[in-house]
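Take a look at the structure below.
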Amino acid sequence: MSEYVIEMLNITKEFPGIKANDNITLQLKHGEVHALLGENGAGKSTLMSVLFGLYQPEAGVIKKDGKEVKINNPNDANALHIGMVHQHFKLVEIFTVLDNIILGAEPNKLGFLKKAEARKKVLELSEKYGLQVDPDAKIEDISVGMQQRVEILKMLYRDNDILIFDEPTAVLTPQEIDELMEIMRNFTKEGKSILFITHKLNEIMAVADRCTVLRKGKYMGTVNIKDTTKEELSRMMVGRDVKFEVDKKPQKLGDVVLDVQHVTVPSKLHSNNAVKDVSFQVRAGEIVCLAGIEGNGQTQFVYALTGLDKMSHGKITMLGHDITKAKIRERSKLGMSHIPEDRHKHGLVLDFSLEQNLVLQRYWQPQFQKYGFIKNKEVRKYAERLIRENDIRSGQGPITVARSMSGGNQQKAIVAREIDKNPELLVAVQPTRGLDVGAIEGVHKQLVAQRDAGKAVLLVSLELEEVMSVPDRILVMYEGEIVGEFDPKKTTVQELGLYMAGAKNMYRDVEQKGGAEA
Amino acid sequence: MSTLNVGIVIADIISSTIVFAVPLLLVAMGGMFSERSGIINIALEGIMIIGALMGCLMMRWLDPAVTSGQLGSQLGMLIASLFAGVCGMAFSVLLAFASINLKADQTIGGTALNMLAPALAIVLTWVVQGQGQTTILIPTWSRITQATLGFAAKENFLHTLLFKNMYLTTFMTVILFAAAVILMYKTKFGLRLRSCGEHPQAAASVGINVFKMRYAGVLISGFLGGIGGLAFTLAAGSGFQSSVAGYGFLALAVMIFGNWKPWSILGASLFFALFKVIGAYATTLQNLGPFFNVLFGWPAKIGIKEGQSTYFWPMLPYIVTMILLVLTSKKSRAPKAEGRA
Amino acid sequence: MKKGLISVLSSVISILVGLLFGLLLLIIVNPAQAFPKFGEMLTAGVSSAPKFAKVLYQAAPLIMTGLSVAFAFKTGLFNIGASGQYTVGAFCALACGIIFQMPWWVCLLASVVAGAVWGFFPGLFKSLFNVNEVITSIMFNWIGMMAVNLLCMNLLKGGLNIMLPTAWVSSPIKDRTAALSYANPNAMIPKMGLDKLFNSNFMNISIFIAIIVAVIMWVILNRTTFGYELKACGFNKNASIYAGINAKRNIVLSMVIAGALAGLGGGIYYLAGTAEYTIQKVLLSMGFNGISVALLATSNPIGTIFSALFISYIQVGGESLQPVFAKEMIDIIIAVIIYLSAFALLTKTILSKYIRLDKSNVNAEPAPVVAAPKPAEPAKSAESEGEQA
């Protein structure tokens, strides 16, 4: 029997205009945890989609146990006992946990479902691996952590022994991450092999046996974790030493720009509040970062702050004006800019041209319209300036349809638009999501430039490196509450982690609730 | 008029309600299959017309055999109904092809089919019956009467209820409804179909062929829509005139009002049909006694002339449905991925 | 503008295939008559001045209902209710002329207002309760048609049905409204000598009214902040809200304008004085033909002028098919054209392979292709659909 359970040899996959995978080789041993490391856009997800039969490669072969195989669709992958937990869960929200697990592999007699049998098997698996789920709960009603357990059970239910985890920790609390690592180790003890896709070095060091590194679609090499260091992996991933430091001038604090008092926002999903009694201030000349694990109320808070949604209690004051009930346009006129979390949902009208998108926040200003008629020449001139100053690349310049631009350039356009408004308060929500390292640095510089120019910046971030390097002050949010305030120079990632996980709270004693969520 | 028997009128209302609910139920169920697989089927009106056309033509062809006694009348109806269903299914392939294979805009494709169907029906009717002959008559043997079963006809509650408006399609609907409920919720196929309308990527990731499931959804809607078209023409009673009077669109409303769920759709169709029948009967009911007069006599009080309320009452089902759609809008939940290729 | 060229070309291809299909059908039904009749159909519209006048006469309301549907499309709404708005507009114009003896332009205003009111409700229900505007509009089509019937039969003056001919002349006709020629000639749209020029009673200035309105709509959509907002709402409601645009108000406004346009269409058709409103049992097809007009014009207001003229032209041609063929042959041809235009995107993609788009930008990226996976994150393109919901 071959040493490797799965081999992907010299895989090349092209998309129009880009080689997503260029001659990549990945070999997975029996019973190992094999990490696949790379930045956003390095080609990790593409490679895994090839393995899972979602894409067909232009070149290269895939071998299972030394024999060449063809994987044309997920059914083929499943027949080879390959299973995958996708980064964005593939769960049907209105179905029950049980229905989701059996979907596609339903036990049946003449087409009629045999749910009792399925339930028994699911409960057995759930018990055996400590993956606690409620088979009759609907997906939309359960926590993200439980949704992930459902995804894992889906693989186990199909008797998969090659398990792919695509960025599984992004949505988990540190405790849940620890549990997941434990579960992974248990799997390998049983002889299952694991492919673990991530860009988080600590997790690789903690759980992986070997690691394959990709950079910009190219194969950088495979290393034994025992024989390497975080620094070396990091160099392989980005191609140079990464400087997580950001140059900042000495701080000159000004007046209070944003004053948030007791803001509470009801949740759309459940009866609890998504944001609970949040109060803080942001002053001119500082960057305040709202940190936390995804789904702890940051999004809802930003919606309330920017006027996209209503709050049930509390008061928001900006530059002395009460904007609690102000319309979005009024907040914008007061000097609030908003780089939204989801650039396709909020940030851009994808079917508008680039120039139309660049004036999205100011088409109504006298500069761009007269008596309600748009001054096209002014719009063109303005767009050309922003494109030039911010190096926004696109096929046809100002008249390019936004949909056809790359994600990075779309984000550049949004950042340029929001910062060119010369805001008093810049609300930047995950402004570097999906960008490559160079672009990330550029955005960070722009945020700091705002601060140095005496403006207030509220940064919402999930990336710990960003949280530690960019802001002057960190507020940690957990389950809709602010649980701690830190000076990035005087705190550590570990300390922040405890607060982000809800294990600690500066403002009240916390009962040890580890596992309560689990 | 005042000597009308209340019991017979009520029996008549019930049987008319059922006969009008049948096409609504069938077609709305068809819409449900299509939409829960992820394809908006606005072409139901056109599918109904094609079904009605082909069903009526089949009855016309079978007419000599039935009247001469070579073929049982209800066996003939069964053939005609199934033929209507199959033709509706064939027509729905056009929608499936445009929206699934070519990923075209589903609303536009459906609109085109709604325009195509009545025109095609007229042209075909001309071809079959000769120039200017736009109505296909329905043979009298299509209805199940006392004579069909060998009874003597009587003028009482039970006979009116059972035989005033009884067609084979009513029984078929009962069976098809039960089968649809089971198919949707108790089988592998139903689970997979529903997953395609909610989260096609999830379905594809577990190896379900979304393409095939959506074809199945649209084809089932074509089959049910085709039979529904014939059932409507039978209920309307005056022959096929290349139209189903907007019932396909009403069925869409019934489906939405029924929240894309079979039992709620059943309730919604009966409800709508009842209002339709009451609308049609309002004038008669007025003459039955003081109670009905108060309920149905008020158009006259607001200046609508005697005999003109025929123009008033037919609005009722539409207005009521409209109000209910608004009132229930909060709970309404469409399949999440419908309309997206 | 190469993009415009491709749009026009793809429409032309749809039209040609549709016509070919029609010809094929004629051949199947009656091979001997197919070719001469088809030729007659194609040339009927320009065979004489009165025929051409008829093309223009029918095109005017078609432009209006087409604009109605197109305008709503631009805001992401499907106004299938143009028929009801058209009917209500027609009635109010006639009522204004017959009952209140108003001049034609007041009557036209009445039709605009009535159509707007009929568009307002679906818009309101959509924006307040998120009820699908397609369903609401369909309901309002029927409610509108029946309400108009009811009013036609019940508006009394001195014991006589004022809307019916019997109130004006001795006439046995009871199922249609009184003709404007005797009820109020002032309510007829001026002909300005065009009737003499074309030697046809059908000819009046309505086609010019329709063209002017189409141009105004084009300007509103493409040159004003209001149009910018409407389009932003239509393309991406969330982003428009984020930009401080009142999306709910715009949905209502868009439907009100769409309704007003369809209502005006009803007004100009029935105020020509050449047709009376007949008590209907089915919805008027003019509103539904507006959908074809809008689709064929890819919702471009200027395009609706040409597509309405085309559809009117072949409809006039369709009359010359009778009695050998049913005039509904034309509807089949139109339906096929619309069906083909549903894959406009596909046709356009194929066409743009042959017609190179000009690349004028200096800092062009490597081959950004529309509708291709996003270059930066190709693997996620399959998932992103779910996120944009």
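Residue numbers (numbering that gives the first Met the number 0), protein chains in the order written: chain A, 0 to 517; chain B, 0 to 340; chain C, 0 to 388.
Backbone N, C-alpha and C define an ideal beta-carbon position, used for all residues, glycine too.
Values in this document were obtained by computation on a predicted structure and should not be read as measured data.
Here the alpha carbons of B:R193 and C:S6 stand approximately 37 Å from one another. For A:T24, the enclosing beta strand (DSSP E) covers residues 17–28. By DSSP's assignment, A:C288 forms a beta bridge with A:L458, A:I473.
The residues I62, G65, L66, A69, A213, V292, A293, A296, in chain order, have a CB closer than 7 Å to that of C:T303 in the same chain once the five nearest residues on each side in sequence are set aside. A straight line joining the alpha-carbon of C:E132 with that of A:F367 spans about 33 Å.
Around A:L97, the same chain offers K114, A117, R118, V121, P134, D135 as residues with beta carbons nearer than 8 Å, after the five sequence neighbours per side are excluded. Boundaries of the beta strand (DSSP E) around A:P265: 255–265. Comparing alpha-carbon positions, the option among C:F324, C:L345, C:I349 lying closest to B:W125 turns out to be C:F324. Counting only Cβ-Cβ distances below 8 Å, B:I207 has contacts in chain A at L102, G103, in chain order. Identification of chain B residues near A:V91 by a Cβ-Cβ cut-off of 7 Å yields S194, E197, H198, A201, ordered along the chain. Counting only runs that start and end inside the segment 122–178 of chain C, the alpha helix (DSSP H) elements of at least 4 residues fall at 132–153.
Taking all protein chains in view, the Cβ of A:H337 is crowded by 16 or more other Cβ atoms within 10 Å, so the residue is classified as buried. Between A:T187 and the set A:L333, A:D208, A:P249, A:V447, the nearest pair of CA atoms involves A:D208. Counting only residues of its own chain and dropping the five nearest sequence neighbours on each side, B:M165 has a CB closer than 6 Å to the CB of I143.
Looking from the CA of C:C106, the closest CA among C:A186, C:S205, C:A271, C:K236 belongs to C:A186. Per DSSP, the beta bridge partners of A:Q280 are A:D258.
Buried is the label assigned to C:I313, since at least 16 other Cβ atoms lie within 10 Å of its Cβ. When DSSP states are grouped into helix, strand and coil, A:G59 belongs to the strand group. By DSSP's assignment, A:C210 forms a beta bridge with A:A34, A:V222.
Looking at the DSSP output, A:I10 sits in a beta bridge with A:I23. Your pair A:T197 and A:L36 checks out as a contact, with CB atoms roughly 7 Å apart and the cut at 8 Å.
Residue ranges of uninterrupted alpha helix (DSSP H) with 4 or more members, entirely inside the segment 93–171 of chain A and ordered along the chain, are 96–101, 114–127, 143–156.
Per DSSP, reduced to three states, the secondary structure at A:H198 is coil, with no helix or strand assignment. By the rule that beta-carbons nearer than 8 Å mark a contact, C:I240 touches chain A. Shown in chain order are the members of the segment 123–134 of chain C whose Cβ falls below 8 Å from a Cβ of chain B: F124, F128, N129, V130, N131, V133, I134. For C:I14 and C:V335, the gap between their C-alpha atoms comes out near 8 Å. For the pair B:L74 and B:L81, the Cα-to-Cα distance works out to about 11 Å. Along the segment 125–140 of chain A, there is no position whose C-beta sits under 8 Å from a C-beta of chain B. For A:Y302 and A:N375, the gap between their C-alpha atoms comes out near 32 Å. Remark: C-beta atoms of B:G37 and B:A336 approach each other more closely than 8 Å. B:P334 has a beta carbon lying at 8 Å or more from every beta carbon in chain C. Residue contact check for C:D330 against chain B: a CB pair falls below 8 Å. Of the residues C:S253, C:I208, C:S205, the one whose Cα lies closest to the Cα of C:E228 is C:S253. Counting C-beta pairs closer than 8 Å gives three or more between the segment 219–226 of chain B and the segment 83–102 of chain B, which meets the contact rule. In the DSSP assignment, A:V84 is bridged to A:F164. A:V277 and A:T323 have their C-alpha atoms some 14 Å from each other.
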